[in-house]
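> If you scroll down you'll find the structure; I have some questions about it.
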Amino acid sequence: MRFAKGHKEQTKQRIIETAATKFRRDGVAATGIAGLMAEAGLTHGGFYAHFSSKEDLVSQALAAALDQNAARRTHESVEALIRRYLCPAHRDTPEQGCATAALVSEIARHEPETRATFTARLRTQLAQITSALPPETDEAARERLAIGLFGVMLGCLQMARAVNDPAFSDKILESGVEAARKLAGLPEKQ
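Given below as structure tokens:
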């Protein structure tokens, strides 16, 4: 059976998008190829027509998820970034949220190519945060501040997702917003 021109690339893109969502929701280690392909509406046998290995897919899906996240953050103020990142909706939908928060602990154990993909995209995330910070200090100081700020936000989001007490989870998010705002030098709310 012949397929229309572009069918193979569209199918590959569907697998990548499905994987990006499933990896953020369930984790890479907990995601099998057969289940992933079924979720994409495809058979397991077709996987290797598109990817050399699961690691190849992980690298491409991670890049797609992080690029998608970066596209959402363009020209966002630090205040808006903090509040969007540390909100209940982001906490409750990891499959749609920040791939760094969902996958960072797993990526540390992956192949150098996947870690290189992550490193490049993390630099982009940090550059976006750096550019949103007030230009009152030099670039190197703003970059260090962005790293610390993202670390606070990332850690608070992960803790809020991990606890089984909804009120405590909300408190973690609220505390994270407060700490991130202070770190960013934003004025206290009256």
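Residue numbering for the sequence shown follows the working numbering, beginning at 997 and increasing consecutively. For every residue, glycine included, the Cβ atom is placed at its ideal position computed from N, Cα and C. Bear in mind the structure is a predicted one, so any value in this text is a computation, not a measurement.
Is Asp1161 helix, strand or coil when you go by DSSP?
Residue state, collapsed to three classes: coil.
> Report the rounded CA-to-CA distance for Leu1182 versus Glu1135, giving the unit in angstroms.
Leu1182 and Glu1135: Cα-Cα distance of roughly 18 Å.
> Assuming Leu1153 and Arg1117 make a contact with CB atoms under 8 Å, what is their CB distance in whole Å?
About 17 Å; that fails the 8 Å criterion.
> Distance check for Ala1128 and Arg1068, CA to CA, integer angstroms please.
Straight-line Cα distance between these residues: approximately 14 Å.
> Would you say Met1149 and Tyr1044 are within 8 Å of each other, going by their C-beta atoms?
The answer is no: Cβ separation not under 8 Å.
> To test your reading of the DSSP string, which unbroken beta strand (DSSP E) runs of 3 or more residues are found completely within the region 1041-1083?
Listed in chain order, nothing qualifies, since the region 1041-1083 has no complete beta strand (DSSP E) run of 3 or more residues.
> Should Lys1188 go down as buried or exposed, given a rule of 16 or more other Cβ atoms within 10 Å for buried?
In the structure as shown, the chain starts at 997 and stops at 1186, and residue 1188 therefore has no counterpart that could be examined.
> So, at 7 Å on beta carbons, what are the nonlocal neighbours of Arg1138 in its own chain, with the 5 sequence-adjacent residues on each side left out?
Hits under 7 Å: Thr1126, Leu1129.
> Can you grab the Cα-Cα spacing for the pair Leu1145 / Cys1083, in whole Å?
Those two C-alpha atoms are separated by around 16 Å.
> Would Leu1099 and Leu1032 qualify as a contact pair, given that the criterion is a beta-carbon distance under 8 Å?
Not in contact: Leu1099 and Leu1032 (Cβ atoms no closer than 8 Å).
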